[in-house]
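Undergrad: In my numbering, the protein residues as written are 26 to 244. Below is a structure I'd like to ask you about.
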Amino acid sequence: MRKQYTTPISLASYLIIIFGLALLILTHGLVRSAGIVLPILGTSIFCYSRFSLRSAFDRHIEKSLTGDLADIGKHYCKLDVVDEKADGEGVPSRNWRSGFWVAEVVEDAKRPVIVGCVGLGKSYAYSSEDETSAELRRLVISPRYRHKGIGRKLIQTVVHFAREHQIETIYLTTSSYQQPAINLYKKLGFHLEGKREMTIQMQKWKIYAFRLNVNGYSL
26 MRKQYTTPIS LASYLIIIFG LALLILTHGL VRSAGIVLPI LGTSIFCYSR
76 FSLRSAFDRH IEKSLTGDLA DIGKHYCKLD VVDEKADGEG VPSRNWRSGF
126 WVAEVVEDAK RPVIVGCVGL GKSYAYSSED ETSAELRRLV ISPRYRHKGI
176 GRKLIQTVVH FAREHQIETI YLTTSSYQQP AINLYKKLGF HLEGKREMTI
226 QMQKWKIYAF RLNVNGYSL
């Protein structure tokens, strides 16, 4: 979200505020009245842009929580039924080319706390029929535990799983508003495959596509 402070609409709102304050200080009469209105207008534009972007992120989060994250087992861990009378109980299928992992820490002999997660599934963004490719999803690290190697460990776990299941390429997509994630992916060995622009609420986003060659990745 910090990147929004330097978007064109934010910069325009800053200029409106500064120009209005200058009029308020340096002029008199009716022109000075504009110096009162313009800072209010600039602040309103900035707040609206922040609100609209936050709303877009909130909708994305809600969609995730009511989608694959609402039933992780169904979306990421297909089960082989062990006992048909056991009402569907089973163990994860070794033929299933997707999975979901969490990172936990234990502090002061307390119960484990989840501090990160990552998922791997069919690559719908490219070709759902290609069984040699998969899509990385939901890589999240708790802010308190970032820069401690947890992201790298999760990616290594995913790559190890991919090799066991003959997955050769891992794809992912992220936006320009997630710069820390972009830096992490580059650091972990992902290569930029392409980018495209989209506009949401009069604000331009860049969507980046990254690719990781599983066989060429060093664990």
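Quick reminder that beta carbons are idealized off the backbone N, C-alpha and C, glycines included.
Buried or exposed, going by whether 16 or more other CB atoms sit within 10 Å of the CB of T224?
TA: Working through the sequence shown from its first residue, we reach residue 224 at position 199. The residue is exposed, with fewer than 16 neighbouring Cβ atoms inside 10 Å.
Undergrad: Look at the alpha carbon of S152 and the alpha carbon of R163, and state the distance between them as a whole number of angstroms.
TA: Translated into positions along the sequence shown, residue 152 becomes position 127. Translated into positions along the sequence shown, residue 163 becomes position 138. Model confidence at S152 stands at a pLDDT of 49, short of 50, so the residue's coordinates are unreliable and nothing is read from them.
Undergrad: Give every residue of the same chain whose Cβ lies closer than 6 Å to the Cβ of G176, excluding the five residues on either side of it in the sequence, and list them in chain order.
TA: Residue numbering aside, residue 176 sits at position 151 when the sequence shown is read from its first letter. If we look at G176 and ignore the five residues flanking it on each side, its Cβ neighbours are I166 and L209.
Undergrad: Does the pairing of the stretch 92-104 with the stretch 57-77 give three or more beta-carbon distances under 8 Å?
TA: Counting Cβ pairs under 8 Å, fewer than three are found: no touch.
Undergrad: Here's a check: name, in chain order, each residue in its chain whose Cβ is nearer than 8 Å to the Cβ of V138, leaving out the five neighbours to either side.
TA: Counting from 1 along the sequence shown, the entry for residue 138 is found at position 113. Answer for V138: E129, V130, V131 and E132, listed in chain order.
Undergrad: Hey, would you say F215 sits closer than 8 Å to R236, going by beta carbons?
TA: To locate residue 215, count along the sequence shown from 1; it is residue 190. To locate residue 236, count along the sequence shown from 1; it is residue 211. Result yes, Cβ atoms of F215 and R236 sit closer than 8 Å.
Undergrad: So for C72, helix, strand or coil by DSSP?
TA: Here residue 72 refers to the residue found at position 47 when the sequence shown is read from its first residue. Residue state, collapsed to three classes: helix.
Undergrad: Compare the Cα-Cα distances from Y233 to each of G241, Y242, V239 and Q203 and report the closest residue.
TA: As a first step, residue 233 is located in the sequence shown; it is residue number 208 there, counting from the start. Ranking the options by Cα distance to Y233, first place goes to Q203.
Undergrad: Quick check: V184 and V239, are their CB atoms within less than 8 Å of each other?
TA: What you label residue 184 is simply residue 159 of the sequence shown in a count that begins at 1. What you label residue 239 is simply residue 214 of the sequence shown in a count that begins at 1. Against a cut-off of 8 Å, the Cβ pair of V239 and V184 comes out as a contact.
Undergrad: Roughly how many whole angstroms lie between the Cα atoms of A37 and S201?
TA: Here residue 37 corresponds to residue number 12 of the sequence shown, with the count starting at 1. Here residue 201 corresponds to residue number 176 of the sequence shown, with the count starting at 1. About 20 Å.
Undergrad: In angstroms with no decimal places, state the Cα-to-Cα distance between C72 and L46.
TA: Start at 1 with the first residue of the sequence shown, and residue 72 comes out as number 47. Start at 1 with the first residue of the sequence shown, and residue 46 comes out as number 21. If you take the alpha carbons of C72 and L46, they lie about 18 Å apart.
Undergrad: Sort R79, S243 and S80 by Cα distance to K212 and report the nearest one.
TA: Numbered from its first residue, the sequence shown carries residue 212 at position 187. Minimum Cα distance to K212 is reached at S243.
Undergrad: Could you tell me the alpha carbon to alpha carbon distance between E222 and F76, rounded to whole angstroms?
TA: Numbered from 1 along the sequence shown, position 197 holds the residue referred to as residue 222. Numbered from 1 along the sequence shown, position 51 holds the residue referred to as residue 76. E222 and F76: Cα-Cα distance of roughly 21 Å.
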